[in-house]
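Participant: Submitted below is the structure of interest, expressed as structure tokens.
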Amino acid sequence: MSAITMYSTHTCPFCVQAENLLQSKGLSVNKIWVDQNPDEFATMLKRSARRSVPQVFIGDRHLGGFNDLLVLEQSGQLSKWLADAQPSHS
Numbered sequence: 001m002s003a004i005t006m007y008s009t010h011t012c013p014f015c016v017q018a019e020n021l022l023q024s025k026g027l028s029v030n031k032i033w034v035d036q037n038p039d040e041f042a043t044m045l046k047r048s049a050r051r052s053v054p055q056v057f058i059g060d061r062h063l064g065g066f067n068d069l070l071v072l073e074q075s076g077q078l079s080k081w082l083a084d085a086q087p088s089h090s
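Per UniProt numbering, the very first residue in the sequence shown carries number 1; after that it's consecutive.
As structure tokens, this is what we get:
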């Protein structure tokens, strides 16, 4: 599976909710703390074109913030994208 990256801050309740949702699916999340590192904030801004946290990625695919993640989960799209991120076994 492609790595799941979440840009986050230490005081963001939506970041906690996003992480909990992903962990409930058995996924581990690589958190990048943008409140402690301005360079990482700049990278998040460049990758997502958004200033808010969380910003979640599967590999290079931007999923968005918590509300976006929740909509993807409720529509079934998140599971499809996660399955697509699995390496194929031939």
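Yeah, the Cβ is synthetic: ideal placement off N, Cα and C, and Gly gets one too.
(1) Measuring CB to CB, does Ile4 end up less than 9 Å from Leu21?
(2) Please list the terminal residues of the continuous alpha helix (DSSP H) segment that includes Arg47.
(3) Just the C-alpha distance for Gln74 and Asn67, rounded to the nearest angstrom, thanks.
(4) For the beta strand (DSSP E) containing Leu63, name the first residue and the last one.
(5) What first and last residue would you give for the beta strand (DSSP E) that runs through Lys31?
Facilitator: The answer reads as follows:
(1) Numbered from 1 along the sequence shown, position 4 holds the residue referred to as residue 4. Numbered from 1 along the sequence shown, position 21 holds the residue referred to as residue 21. Taking a C-beta distance under 9 Å as the contact criterion, Ile4 and Leu21 do not qualify as a contact pair.
(2) On the sequence shown, position 47 is the one that residue 47 refers to. For Arg47, the enclosing alpha helix (DSSP H) stretches over residues 38–48.
(3) What you label residue 74 is simply residue 74 of the sequence shown in a count that begins at 1. What you label residue 67 is simply residue 67 of the sequence shown in a count that begins at 1. Between the alpha carbons of Gln74 and Asn67 lies a distance of about 11 Å.
(4) As a position in the sequence shown, residue 63 is number 63, starting the count at 1. 61–64 is the extent of the beta strand (DSSP E) around Leu63.
(5) For the purposes of this step, residue 31 is taken as the residue at position 31 of the sequence shown. Lys31: member of the beta strand (DSSP E) spanning 30–33, first to last residue.
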